[in-house]
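Trainee:
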Amino acid sequence: MAKKIPQPTTPPRERAFLVGVEIHNQHKHLSLEDSLTELALLADTAGVDVVGELTQKLSHPHVETYIGPGKVAELKALAEETLSEVVIFDDELMPRHQRELEKALGINIRVIDRTALILDIFAQHAHTKEGMLQVELAQYEYNLPRLTRAWTHLERQAGGGGGRAGSTGGVGLRGPGETQLEVDRRDIRRRIAHIKKELDKVEAYRYRNRSQRKRSRIPTVALVGYTNAGKSTLLNRLSKSDVYAADQLFATLDPTTRRVQLPGDNIALFTDTVGFIQKLPTTLIAAFHATLEEIAEADLLLHVVDISHPNALGQFEAVQETLEEIGASHIPMITALNKADRLKNPENAKRILQDFEKSVAISAAKGTGIPDLLHLVQEELFEAYSPIHVKLPYKEGALISLFHELGQVERIEHGRGGVVMQGRIPGRLLAQFSSWQVKSNGHTPLEIEEEDVEEI
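First residue of the sequence shown: 1, per the working numbering; consecutive thereafter.
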């Protein structure tokens, strides 16, 4: 009788209990209920089963446990009743909150927050060296202030006389009175410094690539949007490529650039970047600096909105807020209202379009509206001219030449410090001139002395 070969089994998913808190007068793009629904989706993406949720409204967070003592007792009972192994808070917890909550809930229940959950998802989805370094940096910077005396060793081999990873050899001796906690903190800081050096190399490489693209005069379009809005699917449709796309949160982390043919035999480079989300961890924004610069240096932003989502407007606002945070809010933008085919009444798309400037309703999956979208991109990149008034130092000769070559010069003045130029340029070039634009007070952020300018 043939023996059955045992098949590998999938480990059981952890059971999680969610906690949401509504703080009085604290602005959020999503309601408490909708935010918890999103948190449940994040938990599912991370491979966790949600078994219940608890909410509380407060004027301000409790100083020790974030939620009130009565709610902590209620949470403990519910977590034990549902056999929960982890409690996930919808907001970022202070280290003290996390410690006190874990004390109150017992040793069998871990407490994490929304930030830790998102970092875990990013760690699962990062596949390139750059992506893994960025996520690792964000995780270390998040965990550093949360180290406690119960912290386990950081990837350190136990036993023997081999010393710690990265040591200078021999037995890893501690200094007089040095605690394990201090050793761990020093190891993390050393690793953070190393990762930052590696990411500086990545940033330099991206800068060289962007400079080459600018010299080639091929405009760049950055696809931005809330996570799972359909950016990767749209890039595949526009470029006839096969960028990985899935119906899940943060399916794509690493930026992907593809050439797209526009009407009128023009070419543009479209870059798909990491999706945004409300309460995007600041550690992630900092760690993904090199990647997010791909957005801040683009000629045009294509904001992809899932118009079928019940909180489409809230998601749109969350993305706009993040764009402002990374210094990209000044870049010209058009909006693609994606998944219009999922609306019960497609005519509603026409009404919704009125709420978004320079927008078009599309379905990236089915291809509807794509010609209209490409025509709008073509118009913004090559046909729409914007008025501009700049003061350029002579060292910015490339920008002066660019204005003459692609713009419409209406007035020019030369002086010892530089040249004043006024006229119209293609909208896609506005970002390149932003540092030198004359403001209403007659000055620029990087001023040329007014007395150094004389009209000719």
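For every residue, glycine included, the Cβ atom is placed at its ideal position computed from N, Cα and C.
1. Pick helix, strand or coil for Val274, following the three-state DSSP scheme.
2. Decide if Asn338 is buried, meaning its Cβ has at least 16 other Cβ atoms within 10 Å, or exposed.
3. So the candidates are Ile109, Glu53, Gly47, Val72; which of them puts its Cα closest to the Cα of His125?
4. Could you name each continuous alpha helix (DSSP H) segment of 4 residues or more that falls completely within the stretch 22 to 51, going from the start of the chain to the end?
5. If you compare alpha carbons, which of Glu92, Glu64, Glu85 is closest to Leu39?
6. Rounded to whole angstroms, what is the Cα-Cα separation between Leu105 and Asp113?
7. According to DSSP, is Lys358 helix, strand or coil?
8. Can you name, in chain order, every residue of its own chain whose Cβ lies under 6 Å from the Cβ of Leu376, other than the five neighbours on each side?
9. Among Leu41, Asp49, Ala16, which residue has its Cα nearest to the Cα of Ile277?
10. Is Leu300 near Glu405, with beta carbons less than 8 Å apart?
11. Does the separation of the CB atoms of Ile267 and Arg258 fall below 8 Å?
12. So, using beta-carbon positions, are Val135 and Val87 closer together than 8 Å?
13. Taking its Cβ as the centre, do 16 or more other Cβ atoms sit within 10 Å of Thr168, making it buried, or is it exposed?
14. Out of curiosity, what's the CA-to-CA distance linking His330 and Ser386?
15. Let me confirm a value: Asn311 is counted as buried when at least 16 other C-beta atoms fall within 10 Å, else exposed. Which label applies?
16. What first and last residue would you give for the alpha helix (DSSP H) that runs through Pro371?
17. Could you tell me the alpha carbon to alpha carbon distance between Glu81 and Leu54, rounded to whole angstroms?
18. Which two residues bound the contiguous beta strand (DSSP E) that contains Asp306?
19. If distances are taken between C-alpha atoms only, which option among Leu353, Ile352, Asp341 comes closest to Thr483?
20. Hey, how far is the Cα of Glu141 from the Cα of Gly52?
Mentor: The answer reads as follows:
1. coil
2. buried
3. Gly47
4. 32 to 45
5. Glu92
6. 15 Å
7. coil
8. Ile334, Val360
9. Leu41
10. no
11. no
12. no
13. Any reading at Thr168 must be qualified, since the residue scores a pLDDT of 36, below 50, and its modelled position is unreliable; the value itself is stated next. When all chains shown are included, Thr168 counts as exposed.
14. 13 Å
15. buried
16. 370 to 378
17. 13 Å
18. 300 to 306
19. Coverage of the chain is limited to positions 1 through 456, which leaves residue 483 absent and any answer about it impossible.
20. 30 Å
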